[in-house]
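Numbering (the UniProt record's numbering), first residue to last: 1 to 244.
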């Protein structure tokens, strides 16, 4: 988990360090409850973020792990997040450290990135619907057998963005970011794509106090299998920590 305080930069999100620590605490509690080993890094420059990705790219423990999850809470612009030095870092470049070619120990294992950051200054406005639309089922595709099993270099990635390209991501001054709050409350029991569809619906229903601002998260993936986090025996953090 990477997050920055940004005390003196970017007015699009809160200038209070408390807000970013709130986001981080939510993620830490949920992922530790799910049995994952959690490492948190704060206030990294753009160079520090790149160096950290290179470090985790070469960690030998990956061979004993089932997946890799990276959460970044920051400010951003189209296709990028910012370090505390105000310099952008390409999200695609960060993910490229963990392709099957660049990080063989994570080949065929899920690499999940959750990004809580604005992707621009545009504000999504509400659109009022008269009727509900339906989405047709996608057509099945035939599989092609191969004598040698192989996977594409960029297989098994999931990128969960708090907002669509070009638009702002919102947060509540006390409850935290809409996206992170929804993700943490639903991250259990079902496959991750079903969860992110629920997160899309939850966040899309939210509206600013003025009634004029909306937010639409956007997942993208090259996963080949379902990811399901088993439900632990103990109660989830939402029940252990009031106000989570």
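Glycine included, C-beta positions come from ideal geometry on N, C-alpha and C.
Going straight from the alpha carbon of residue i to that of residue j, what length do you get?
i, j, result
"residue 228", "residue 217", "20 Å"
"residue 170", "residue 150", "41 Å"
"residue 166", "residue 79", "9 Å"
"residue 152", "residue 211", "44 Å"
"residue 192", "residue 128", "29 Å"
"residue 108", "residue 209", "44 Å"
"residue 91", "residue 81", "7 Å"
"residue 183", "residue 1", "14 Å"
"residue 195", "residue 160", "11 Å"
"residue 117", "residue 94", "15 Å"
"residue 38", "residue 31", "7 Å"
"residue 234", "residue 124", "39 Å"
Enumerate in chain order the residues of its own chain whose CB-to-CB distance from residue i is below 6 Å, with the five nearest sequence positions on each side excluded.
i, result
"residue 112", "69, 158"
"residue 49", "83, 89"
"residue 219", "160, 196"
If I measure Cβ to Cβ from residue i and keep anything under 8 Å in the same chain, skipping five residues before and after, which residues do I get?
i, result
"residue 189", "228, 229, 231"
"residue 207", "126, 213, 214"
Beta-carbon separation of residue i and residue j under 8 Å?
i, j, result
"residue 203", "residue 215", "yes"
"residue 63", "residue 102", "no"
"residue 57", "residue 98", "yes"
"residue 45", "residue 84", "yes"
"residue 71", "residue 27", "yes"
"residue 119", "residue 77", "yes"
Run through DSSP, which three-state label would residue i get?
i, result
"residue 216", "coil"
"residue 171", "strand"
Within the same chain, show all residues whose beta-carbon is closer than 7 Å to that of residue i, passing over the 5 residues directly before and after it, in chain order.
i, result
"residue 110", "67, 156, 158, 223, 227"
Could you check where the beta strand (DSSP E) with residue i kicks off and where it finishes?
i, result
"residue 160", "157–161"
"residue 70", "68–73"
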